[in-house]
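Here's the structure we're looking at; comments come further down.
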RNA sequence: GCGCCAGUAGCUCAGUCGGAUAGAGCGCCGGUCUACGAAACCGGAGGUCACAGGUUCGAAUCCUGUCUGGCGCACCA
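In my numbering, the protein residues as written are 72 to 622.
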């Protein structure tokens with residue numbers, strides 16, 4: 072793993088140790104307040120001031136002197152001075168910049184990978200929408216988030232398994248099946264009402280048509296009402312077709328899963344009853360008021376939760392007990408559930424389930440994705456499943472494209488509700504940040520296409536342009552951004568980084584020519600271009616966005 | 001009432017293990033194509049970081065309280 076700043080941190084740490092007697096826990100490095108102050112700044116002296124009981128400026132001066140006296144720093148340190156309340160402002164040498172660019176160019180797409188402090192085996196569950204209808208924009212955000220997170224975790228060095236949990240059981244599924252049955256009958260001229268609370272969308276008609284494709288009129292009973300077995304058959308076919316449609320849409324969105332876990336298999340295999348029995352045996356479940364309750368309040372949840380209802384049906388939570396105990400038993404180091412904001416009340420009870428099941432609840436991490444609302448003509452677009460006015464993921468892809476949709480949905484923190492202005496996304500799609508980043512990639516590729524061979528430099532460039540310095544420092548930030556994205560489960564950090572990198576590159580492009588420059592300069596700039604191209608491409612890949620050579 | 005998330009430029013939002021003069025994109029104003037792609041660049045206007053206290057050399061960031069908005073608080077999923 073290449074870390075351009077490691078050598079610099081080490082030297083500062085050594086100097087600081089010599090000055091105050093003990094090494095600081097971390098060496099903070101950041102861009103100075105303005106470019107004239109140098110390439111790098113460190114407030115380390117301020118952090119040490121209290122423990123050392125010395126004024127921060129004194130400490131900073133002593134560290135600066137130690138750095139200047141250290142013969143090992145000559146290769147990279149051109150100048151160091153103390154400014155403000157005790158900042159160390161450093162200017163780096165052309166040879167450091169040239170060597171850094173060469174290292175990054177050589178490393179290419181693997182630069183920034185493997186930053187995870189402790190690689191883990193992660194099971195990431197996301198989307199998991201009921202197969203009773205198409206994915207909507209809320210699912211789209213979860214899909215974009217979960218898929219990008221999976222890519223980022225893997226890039227950082229973790230092992231990731233992506234899983235989709237299918238709620239293919241219970242009341243909603245029965246209503247869906249009955250809705251399909253009604254539409255199916257309708258295709259043969261027999262008008263049957265969609266059941267109360269059922270699914271009215273046009274997609275149900277499409278599903279019914281697909282069923283007709285498969286079986287013709289074989290499921291049209293002679294009797295006035297279909298039998299239970301016929302309904303079951305229609306339900307199963309409808310669910311399978313719906314799930315296939317969801318998978319197709321996700322694939323179109325460049326989102327893939329390693330496993331599709333069926334809730335029904337938990338019931339069919341007796342696992343749900345088993346889970347309840349396990350809790351009962353351990354005294355974590357009890358019967359009261361005609362129902363079976365999970366003693367969630369004993370594990371930090373605010374109240375106990377029903378597992379088996381008075382009518383004998385199990386609840387959604389009962390399935391989740393079996394599912395999460397199953398997941399916990401598979402030996403992963405970490406379980407991550409990506410849930411919509413309307414499920415945040417579930418966190419406490421899911422942890423409670425794990426703890427009651429004898430697992431460490433800390434292995435479960437629940438990431439909540441805030442809601443998406445669509446704006447159109449400046450107003451919130453009202454969506455109703457019942458009225459069939461839902462904007463689906465498929466609609467969104469058709470409307471603004473996969474690249475724009477994925478970048479847009481993930482470039483803001485998942486903890487913030489997202490307003491997606493459809494007019495803006497459509498009419499100003501050329502102004503979307505994703506095009507800004509993609510354009511940087513196309514532009515740098517265009518330069519590299521005109522470069523034949525690599526000139527041999529006799530040494531670093533004599534002078535550096537501020538834009539060259541800024542571009543190298545932007546590239547140096549990549550491992551920091553990826554580490555932050557990984558640790559905070561925050562793909563938007565990658566998007567924000569890419570915008571910064573693209574900005575640094577565009578500025579470089581306008582100030583510095585690559586083709587036709589003297590060898591020493593050209594060699595350095597070609598390295599810079601190669602490093603930029605590789606890093607932009609890697610970053611876009613992690614977001615599931617294409618990095619075109621030409622636009 | 002309780003819980004989670006949020007409140008930063010006209011709009012959408014970064015920045016939140018405390019660091020110098022708070023940033024970006026869009027929008028607005030003004031410049032830049034006879035040299036590698038102008039989907040770009042450069043400059044400008046625009047801010048009581050919701051409010052009030054507190055912690056400290058230093059707070060958008062940490063603590064307490066208040067206000068506002070979204071979402072939850074089922075024997076629905």
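Ideal placement from N, C-alpha and C gives every residue a C-beta, glycine not left out.
Exercise. Do residue 496 and residue 528 have their C-beta atoms within less than 8 Å of each other?
Worked result: Here residue 496 refers to the residue found at position 425 when the first chain is read from its first residue. Here residue 528 refers to the residue found at position 457 when the first chain is read from its first residue. Going by C-beta atoms, residue 496 is not nearer than 8 Å to residue 528.
Exercise. To which residues of the same chain is residue 89 closer than 7 Å at the C-beta, ignoring the five residues directly before and after it?
Worked result: Taking the first chain and counting its residues from 1, the one referred to as residue 89 is at position 18. Apart from the 5 residues on each side of it in sequence, residue 89 sits with its Cβ closer than 7 Å to the Cβ of 137 in its chain, given in chain order.
Exercise. Helix, strand or coil for residue 552 per DSSP?
Worked result: Your numbering for residue 552 matches position 481 in the first chain. Note: residue 552 maps to helix in three-state DSSP.
Exercise. In terms of residues, what are the limits of the alpha helix (DSSP H) holding residue 483?
Worked result: The residue given as residue 483 occupies position 412 in the first chain. Counting along the chain, residue 483 falls outside any alpha helix (DSSP H), and DSSP gives it neither H nor E.
Problem set entry | Ordered list of alpha helix (DSSP H) runs contained in the stretch 157 to 230, each at least 4 residues | 165 to 178, 208 to 227
Exercise. With a cut-off of 8 Å, do at least 3 Cβ pairs link the stretch 322 to 334 to the stretch 224 to 233?
Worked result: When C-beta atoms of the stretch 322 to 334 are compared with those of the stretch 224 to 233, three or more pairs fall below 8 Å, so the two segments count as touching.
Problem set entry | Supposed close pair residue 313, residue 278 - CB separation, criterion 8 Å | Translated into positions along the first chain, residue 313 becomes position 242. Translated into positions along the first chain, residue 278 becomes position 207. So it is a contact: roughly 6 Å between Cβ atoms.
For this session: Answer with buried or exposed for residue 111, where buried requires no fewer than 16 other C-beta atoms within 10 angstroms of its C-beta.
Result: Your numbering for residue 111 matches position 40 in the first chain. Counting Cβ neighbours within 10 Å, residue 111 comes out buried, since at least 16 surround it.
Exercise. What whole-angstrom Cβ distance do residue 119 and residue 91 have, given they're in contact under 8 Å?
Worked result: Here residue 119 refers to the residue found at position 48 when the first chain is read from its first residue. Here residue 91 refers to the residue found at position 20 when the first chain is read from its first residue. Confirmed, Cβ separation roughly 5 Å.
Exercise. What separation, rounded to the nearest whole angstrom, lies between the Cα atoms of residue 223 and residue 296?
Worked result: Locating residue 223 in the first chain gives position 152, where the first residue counts as 1. Locating residue 296 in the first chain gives position 225, where the first residue counts as 1. The alpha-carbon atoms of residue 223 and residue 296 are separated by roughly 52 Å.
Exercise. DSSP beta-bridge partners for residue 443?
Worked result: Translated into the one-based positions of the first chain, residue 443 becomes position 372. Paired residues: 489.
For this session: Quick one: residues in its chain with C-beta nearer than 6 Å to the C-beta of residue 549, no 5 flanking neighbours on either side, listed in chain order?
Result: Counting from one through the first chain, the residue named residue 549 turns up at place 478. Excluding residues within five positions, the ones whose Cβ falls inside 6 Å are 183, 606.
Exercise. Can you give the Cα-Cα distance for residue 616 and residue 130, rounded to whole angstroms?
Worked result: As a first step, residue 616 is located in the first chain; it is residue number 545 there, counting from the start. As a first step, residue 130 is located in the first chain; it is residue number 59 there, counting from the start. So the two alpha carbons sit approximately 47 Å from each other.
Exercise. Buried or exposed: residue 259, going by 16 or more other Cβ atoms within 10 Å of its Cβ?
Worked result: Numbered from its first residue, the first chain carries residue 259 at position 188. Residue 259 should be labelled exposed.
For this session: Please classify residue 290: does DSSP put it in a helix, a strand, or coil?
Result: Against the first chain, residue 290 aligns to sequence position 219. Of the three classes helix, strand and coil, the one that applies to residue 290 here is coil, per DSSP.
Exercise. Which of helix, strand or coil does DSSP assign to residue 614?
Worked result: Taking the first chain and counting its residues from 1, the one referred to as residue 614 is at position 543. If DSSP states are grouped into helix, strand and coil, residue 614 belongs with coil.
For this session: Could you tell me which uninterrupted alpha helix (DSSP H) segments, each at least 4 residues in length, are contained entirely in the stretch 305 to 344, listed from first to last along the chain?
Result: 334 to 339
Exercise. What is the DSSP secondary structure of residue 129, reduced to helix, strand or coil?
Worked result: Taking the first residue of the first chain as 1, we reach residue 129 at position 58. Three-state result, residue 129: helix.
Exercise. Using 8 Å as the Cβ pair cut-off and three pairs as the minimum, do the stretch 510 to 518 and the stretch 248 to 268 touch?
Worked result: no
For this session: List the residues that DSSP assigns as beta-bridge partners of residue 234.
Result: Here the question's residue 234 lines up with position 163 in the first chain. Its beta-bridge partners are 196, 330.
Exercise. What residue from 439, 574, 578 has the CA that sits closest to residue 210's CA?
Worked result: In the first chain, counting from the first residue as 1, residue 210 sits at position 139. The candidate whose alpha carbon is nearest that of residue 210 is 439.
Exercise. Are at least three pairs of beta-carbons, each pair with one atom in the stretch 484 to 496 and one in the stretch 236 to 246, less than 8 Å apart?
Worked result: no
Exercise. If you draw a straight line from the C-alpha of residue 116 to the C-alpha of residue 595, how long is it?
Worked result: Walking along the first chain from the start, residue 116 turns up at place 45. Walking along the first chain from the start, residue 595 turns up at place 524. Answer to the nearest angstrom: the Cα atoms are 34 Å apart.
Exercise. Should residue 356 and residue 337 be called a contact, given that it needs their Cβ atoms to be closer than 8 Å?
Worked result: Within the first chain, the letter at position 285 stands for residue 356. Within the first chain, the letter at position 266 stands for residue 337. No, Cβ-Cβ distance for residue 356 and residue 337 is not below 8 Å.
Exercise. Can you give, in chain order, each stretch of the beta strand (DSSP E) that sits fully within the stretch 375 to 399 and has at least 3 residues?
Worked result: 376 to 379
Exercise. For the alpha helix (DSSP H) that contains residue 426, what are its first and last residues?
Worked result: In the first chain, counting from the first residue as 1, residue 426 sits at position 355. Following the DSSP letters along the chain, one finds residue 426 inside the alpha helix (DSSP H) bounded by residues 418 to 427.
Problem set entry | Straight-line Cα distance separating residue 420 from residue 375 | Within the first chain, the letter at position 304 stands for residue 375. Within the first chain, the letter at position 349 stands for residue 420. Those two C-alpha atoms are separated by around 9 Å.
Problem set entry | Within the stretch 509 to 572, ranges of the alpha helix (DSSP H) (whole runs, at least 4 residues) | Runs found: 537 to 547, 549 to 558.
Exercise. Under three-state DSSP, which class holds residue 137?
Worked result: The residue labelled residue 137 in the question sits at position 66 within the first chain. In the structure shown, residue 137 sits in a helix (DSSP, three-state: H, G or I).
Exercise. Across which residues does DSSP place residue 436 in a beta bridge pair?
Worked result: Position 365 of the first chain holds residue 436. The partner list for residue 436 (beta bridge, DSSP) reads 407.
Exercise. If we ignore side chains and look at the alpha-carbon of each, how far apart do residue 358 and residue 321 end up?
Worked result: Along the first chain, one-based indexing puts residue 358 at 287. Along the first chain, one-based indexing puts residue 321 at 250. Each residue's Cα considered, the two are about 42 Å apart.
For this session: Pick helix, strand or coil for residue 263, following the three-state DSSP scheme.
Result: Looking up residue 263 in the first chain gives position 192. Residue 263 falls in the coil class under three-state DSSP.
For this session: Using a threshold of 8 Å, state whether the C-beta atoms of residue 538 and residue 582 are closer than that.
Result: One-based indexing of the first chain puts residue 538 at position 467. One-based indexing of the first chain puts residue 582 at position 511. Result yes, Cβ atoms of residue 538 and residue 582 sit closer than 8 Å.
Exercise. Using a Cβ-Cβ cut-off of 7 Å (strictly less than) and excluding sequence neighbours within five positions of residue 87, which residues of its own chain qualify?
Worked result: Indexing the first chain from 1 puts residue 87 at position 16. Taken in chain order, the residues that qualify are 94, 95, 115, 119, 134.
Problem set entry | Short Cβ contact (8 Å threshold) for residue 362 with residue 76 | Counted from its first residue, the first chain places residue 362 at position 291. Counted from its first residue, the first chain places residue 76 at position 5. Residue 76 is positioned such that its CB atom lies no closer than 8 Å to that of residue 362.
For this session: Please classify residue 428: is it buried, with 16 or more other beta-carbons within 10 angstroms of its beta-carbon, or exposed?
Result: To locate residue 428, count along the first chain from 1; it is residue 357. With 16 or more other Cβ atoms within 10 Å, it is buried.
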